[in-house]
Amino acid sequence: MLDQLIGANIFLLLLVFTRVGAALMWLPGVGTAAIPANVRLVIALLVSLALAAPLAPILPAMPDSPSALALLLAGEALIGTLFGLVGRVLLAALQTAGTFIALFASIANAFVNDPVSGPIAEQQSSTVSGFLSLVGATLIVATDLHEVMLRALAGTYALFVPGEPLPAGDLADMFARQISASFLLGFQLSSPFLIAALIYNVGLGVLGRLMPALQVFFFGLPAQIALQLWLLTAVVSGMMLVFAERFRAAWVVFVAP
4 MLDQLIGANI FLLLLVFTRV GAALMWLPGV GTAAIPANVR LVIALLVSLA LAAPLAPILP
64 AMPDSPSALA LLLAGEALIG TLFGLVGRVL LAALQTAGTF IALFASIANA FVNDPVSGPI
124 AEQQSSTVSG FLSLVGATLI VATDLHEVML RALAGTYALF VPGEPLPAGD LADMFARQIS
184 ASFLLGFQLS SPFLIAALIY NVGLGVLGRL MPALQVFFFG LPAQIALQLW LLTAVVSGMM
244 LVFAERFRAA WVVFVAP
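In the working numbering, the protein residues as written are 4 to 260.
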């Protein structure tokens with residue numbers, strides 16, 4: 004009797020840990036190469052311990068066959084991975100905005116290692132993208148948005164009950180909508196820089212036509228970089244507030260009413 008009880012509790016913890024661990028591998032702020040794998044493992048285990056007891060009534064019993072157990076764990080890993088990728092896609096809006104801003108500022112070829120770009124290894128991105136991604140990850144922790152993500156992760160058990168068939172069509176549609184919304188948000192965040200670059204380049208072209216002997220590119224490029232960087236310092240706080248609000252709203256669909 005005691006062996007069965009211990010085995011059932013270990014199974015429940017393993018079931019929760021599979022989804023939580025897969026999600027935390029990709030979620031921004033935790034699923035980054037800058038955080039050691041053993042630290043992420045401990046965080047996933049602690050979160051699983053906190054969720055296992057409240058979720059025990061809705062979790063299925065341990066399957067009798069190894070194949071059924073493997074299928075159940077694979078489904079949990081898939082749900083956790085998709086959940087984590089939603090957070091990664093949301094953070095990618097800042098990387099998209101940073102890429103556009105770097106392009107408008109003519110510094111798109113200046114690359115740095117982005118510490119929050121991937122869960123396995125750091126990837127290179129433009130300097131503005133790396134800056135915005137780092138600020139965004141810091142903002143998530145500073146404004147307690149990581150707690151919103153954890154509540155949403157717990158809410159997925161009401162939407163996707165372990166052991167039940169996965170709504171593959173709904174998951175694919177939701178993920179596609181998140182990708183579209185992320186790209187749109189990135190473009191919207193960079194729109195002030197697009198307008199400034201358009202006005203500046205039109206004015207530079209008119210100046211070049213009026214004064215053909217003037218080497219406009221000699222002073223035009225440094226002035227363009229200075230203008231875009233000044234604009235970045237002026238609007239970065241507003242950009243982060245908009246991002247934080249959109250980031251918070253994106254997790255509402257996962258929270259059970």
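Just so it is clear, CB atoms sit at the ideal spot from N, CA and C, and this is done for glycine as well.
Cβ atoms of A108 and Q231 come within 8 Å of each other, at about 3 Å. Secondary structure at S109: coil, using DSSP grouped into helix, strand and coil.
Within the DSSP secondary-structure output, S129 pairs in a beta bridge with F114. In terms of Cα proximity to V151, the closest of T21, G32 and L18 is G32.
Take A80, set aside five residues on each side of it, and the residues of its chain with a beta-carbon closer than 6 Å to its own are T21 and A25, in chain order.
If you compare the alpha carbons of V19, T35 and P63 with that of G166, the shortest gap goes to P63.
In this structure, A111 sits away from L188, with a CB-CB distance that is not shorter than 9 Å. Within 10 angstroms of the beta-carbon of I198 lie fewer than 16 other beta-carbons, which makes it exposed.
With contacts defined as CB atoms closer than 9 Å, V164 and A37 fail to qualify as a contacting pair. Cα atoms of F222 and S194: separation of roughly 24 Å, rounded to the nearest angstrom.
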